[in-house]
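Under this note's numbering, read the sequence shown as residues 325 to 398, first letter to last.
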Amino acid sequence: MSAPERIVRLKTVLDRTGLSRSTIYRKIAEGTFPRQEKISVHGAGWHESAIDRWIANPAAYRADNDDDAGTSHA
């Protein structure tokens with residue numbers, strides 16, 4: 325049995341990527357950074373695996389290729 329997907333919050337994403345908050349949200353809008361997942365009424369976070377994929381190759385990352393949600397945006 326695999327471990328459940330870990331959700332990381334903004335502070336962790338900022339620390340791990342070295343990006344500023346405004347840059348992260350700009351890249352999300354451009355589709356070049358993983359989208360947040362809503363985890364509560366006032367909270368959101370990122371799948372750690374998506375952040376790891378972005379860190380491994382930020383220039384090639386495209387959110388529409390990220391299959392975390394299991395849906396296609398055709």
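All C-beta atoms, glycine included, are put in the ideal place defined by N, C-alpha and C. Model, not experiment: these values are computed from the prediction.
The ligand MN and residue i: does the residue's C-beta get closer than 7 Å to at least one heavy atom of that ligand?
{"i": "I363", "result": "With respect to small molecules bound, the structure shown includes none, and the ligand MN cannot be examined in it."}
So is residue i buried or exposed if we call it buried at 16+ other beta carbons inside 10 Å?
{"i": "P358", "result": "buried"}
{"i": "H366", "result": "exposed"}
Verify whether the separation of the beta carbon atoms of residue i and residue j is less than 8 Å.
{"i": "G369", "j": "E361", "result": "yes"}
{"i": "V332", "j": "I375", "result": "yes"}
{"i": "R345", "j": "L334", "result": "yes"}
Can you tell me whether DSSP reads residue i as helix, strand or coil?
{"i": "E329", "result": "coil"}
Using alpha carbons as the reference points, say which of the options lies closest to residue i.
{"i": "E329", "options": "S373, V337, I379", "result": "S373"}
Could you pull the start and end residues of the beta strand (DSSP E) that residue i belongs to?
{"i": "A368", "result": "368-371"}
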